[in-house]
Amino acid sequence: MILKISLFASLYIFLLSCKGPNETQNTVPTNYVSTEHLIEAKELAGIFEDENIKIVDFRSPENYQAGHINGSINIWRTDISDNSLPYEGIRADKKNIERLFSRLGIENNDLIIVYDDKGSSDAARLWCILSDYNFDSVKILNGGLKSWKGRGEKLSTKAVAYMPTQFYLPKKRNEKLWIDKDELMGLLSDKKNNIFIIDARSFEEYKGNHIKKGASKGGRIPTSIHIDWADAVDLGGNKKFRSIEELQKIYKGLEMNVKDTVIVYCHTGYRSSLTTFVLKELMGFENVRNYDGSWVEWSYFDELPYEKDSIML
Numbered sequence: 008m009i010l011k012i013s014l015f016a017s018l019y020i021f022l023l024s025c026k027g028p029n030e031t032q033n034t035v036p037t038n039y040v041s042t043e044h045l046i047e048a049k050e051l052a053g054i055f056e057d058e059n060i061k062i063v064d065f066r067s068p069e070n071y072q073a074g075h076i077n078g079s080i081n082i083w084r085t086d087i088s089d090n091s092l093p094y095e096g097i098r099a100d101k102k103n104i105e106r107l108f109s110r111l112g113i114e115n116n117d118l119i120i121v122y123d124d125k126g127s128s129d130a131a132r133l134w135c136i137l138s139d140y141n142f143d144s145v146k147i148l149n150g151g152l153k154s155w156k157g158r159g160e161k162l163s164t165k166a167v168a169y170m171p172t173q174f175y176l177p178k179k180r181n182e183k184l185w186i187d188k189d190e191l192m193g194l195l196s197d198k199k200n201n202i203f204i205i206d207a208r209s210f211e212e213y214k215g216n217h218i219k220k221g222a223s224k225g226g227r228i229p230t231s232i233h234i235d236w237a238d239a240v241d242l243g244g245n246k247k248f249r250s251i252e253e254l255q256k257i258y259k260g261l262e263m264n265v266k267d268t269v270i271v272y273c274h275t276g277y278r279s280s281l282t283t284f285v286l287k288e289l290m291g292f293e294n295v296r297n298y299d300g301s302w303v304e305w306s307y308f309d310e311l312p313y314e315k316d317s318i319m320l
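Here the sequence shown stands for residues 8 to 320, where the numbers follow my numbering.
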């Protein structure tokens with residue numbers, strides 16, 4: 008069955024095809040449903056010195072120190088995680104994100120542009136967290152650091168520091184973007200629910216043969232379907248997102264409709280954040296939920312069901 012695309016998507020593609028070359032030269036050259044939260048290196052080069060832009064290098068401090076986009080500030084996984092739990096990966100709460108951004112000098116009206124060097128899986132995690140807290144002014148640099156260096160841009164080894172601010176996230180959250188283990192278990196228990204659960208990890212993790220650090224056991228969430236997050240990115244090449252036609256081929260086997268409920272998980276919510284971005288933003292699926300705790304949390308609780316090598320346990 009061919010993957011269905013909404014009328015909005017079709018209209019968007021038609022309008023995009025009608026634009027002249029001058030109208031599209033600073034936009035992402037694709038027919039994605041939305042590129043609101045995606046930016047190309049060429050466009051960034053024209054605006055990266057603007058006053059109300061903060062560029063975030065989402066890599067380890069060591070990689071940041073070795074060379075980063077000039078003017079970018081460094082955020083790493085431990086900065087946006089709740090470290091009070093017996094398992095890792097859960098996103099930091101609203102107050103801790105506000106404290107972090109205030110310390111880094113991010114303003115409420117800033118446009119945040121985030122990049123990594125892993126095909127945007129880490130960058131997508133920051134987008135996902137900020138979207139959950141209803142902060143919408145964030146874009147992922149398509150192709151990450153490789154796209155920037157591909158323009159011949161020089162990297163900086165000078166750490167960047169801004170004056171502290173008073174950053175506040177919106178009061179109302181976007182509660183439709185995330186799902187916790189209790190709600191997911193409720194959906195699994197109700198056989199009437201028509202949901203798709205995507206495991207975005209490697210196939211060996213999905214089968215239960217490879218157990219990454221932090222997981223309590225190998226396996227997968229029952230009924231989940233394996234689609235590796237990396238399939239959506241040219242990981243061995245330019246590290247950019249694949250075209251809409253390629254993405255449709257990747258996901259068409261699920262026979263999902265854009266209005267279906269799709270739940271995505273991985274190991275600690277990073278790879279699933281990228282798949283969430285692909286499905287929701289680039290492909291236009293309306294009800295995509297990222298399971299924050301992912302396999303690290305699910306495997307921690309012995310009472311939660313799981314599968315391994317097609318055997319229900």
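The beta-carbon is built from N, C-alpha and C at its ideal position, and this holds for glycine as well. Please read all numbers here as calculations on a predicted model, not as lab measurements.
Kindly indicate which three-state DSSP category residue i falls into: helix, strand or coil?
i: Ser144; result: coil
i: Glu58; result: coil
i: Asn81; result: strand
i: Leu281; result: helix
i: Tyr313; result: coil
i: Phe174; result: coil
i: Val265; result: coil
i: Phe108; result: helix
i: Ser88; result: strand
i: Ser306; result: helix
i: Tyr3; result: Outside the displayed span of the chain (8 to 320) sits residue 3, for which this structure offers no information.
i: Asn70; result: helix
i: Asn297; result: strand
i: Asp100; result: coil
i: Asp235; result: coil
i: Leu51; result: helix
i: Leu286; result: helix
i: Leu45; result: strand
i: Gly151; result: helix
i: His75; result: strand
i: Phe292; result: coil
i: Phe65; result: coil
i: Ile228; result: coil
i: Ile113; result: coil
How far does the alpha helix (DSSP H) with residue i in it reach, from first residue to last?
i: Asp129; result: Ser128 to Asp139
i: Ile251; result: Ile251 to Tyr258
Quick check on the burial criterion: 16 or more other C-beta atoms within 10 angstroms. Buried or exposed for residue i?
i: Arg66; result: buried
i: Asp189; result: exposed
i: Trp305; result: buried
i: Asp187; result: exposed
i: Leu133; result: buried
i: Tyr175; result: exposed
i: Ile46; result: buried
i: Met170; result: exposed
i: His217; result: exposed
i: Ala42; result: The identity of residue 42 in the sequence shown is Thr, whereas the question assumes Ala. Its Cβ being crowded by 16 or more others within 10 Å, Thr42 is buried.
i: Phe308; result: exposed
i: Lys61; result: buried
i: Gly215; result: buried
i: Glu58; result: exposed
i: Glu288; result: buried
i: Arg158; result: exposed
i: Trp302; result: buried
i: Thr85; result: exposed
i: Glu212; result: buried
i: Arg106; result: exposed
i: Phe341; result: Here the chain has residues from 8 to 320 only, and residue 341 is not among them.
i: Ser196; result: exposed
i: Lys220; result: exposed
What are the boundary residues of the beta strand (DSSP E) that includes residue i?
i: Leu118; result: Leu118 to Tyr122
i: Tyr39; result: Neither: Tyr39 is in no beta strand (DSSP E) and is coded neither H nor E.
i: Arg158; result: Counting along the chain, Arg158 falls outside any beta strand (DSSP E), and DSSP gives it neither H nor E.
Does residue i get closer than 8 Å to chain C when you measure Cβ to Cβ?
i: Ile257; result: Protein chains in the displayed structure number just one, and chain C is not present.
Can at least three beta-carbon pairs, one atom from the stretch 204-219 and one from the stretch 229-236, be found at a separation below 8 Å? yes
My parser needs the beta strand (DSSP E) runs of 3 or more residues fully inside the stretch 164-214; what are they? 202-206
Segment contact, 8 Å Cβ cut-off, at least three pairs: the stretch 274-282 with the stretch 127-135: yes
Do the stretch 173-183 and the stretch 73-91 make contact, defined as three or more Cβ pairs closer than 8 Å? no
I'd like to know if the stretch 99-116 and the stretch 43-57 are in contact, where contact means that at least 3 CB-CB pairs between them fall below 8 Å. no
Can you find at least 3 beta carbon pairs, one from the stretch 241-260 and one from the stretch 294-308, that sit closer than 8 Å? no
Inspect the CB distances between the stretch 133-143 and the stretch 151-166 and report whether three or more fall short of 8 Å. no
Say whether the stretch 66-82 touches the stretch 152-167, bearing in mind that this needs 3 or more beta-carbon pairs closer than 8 Å, one atom from each stretch. yes
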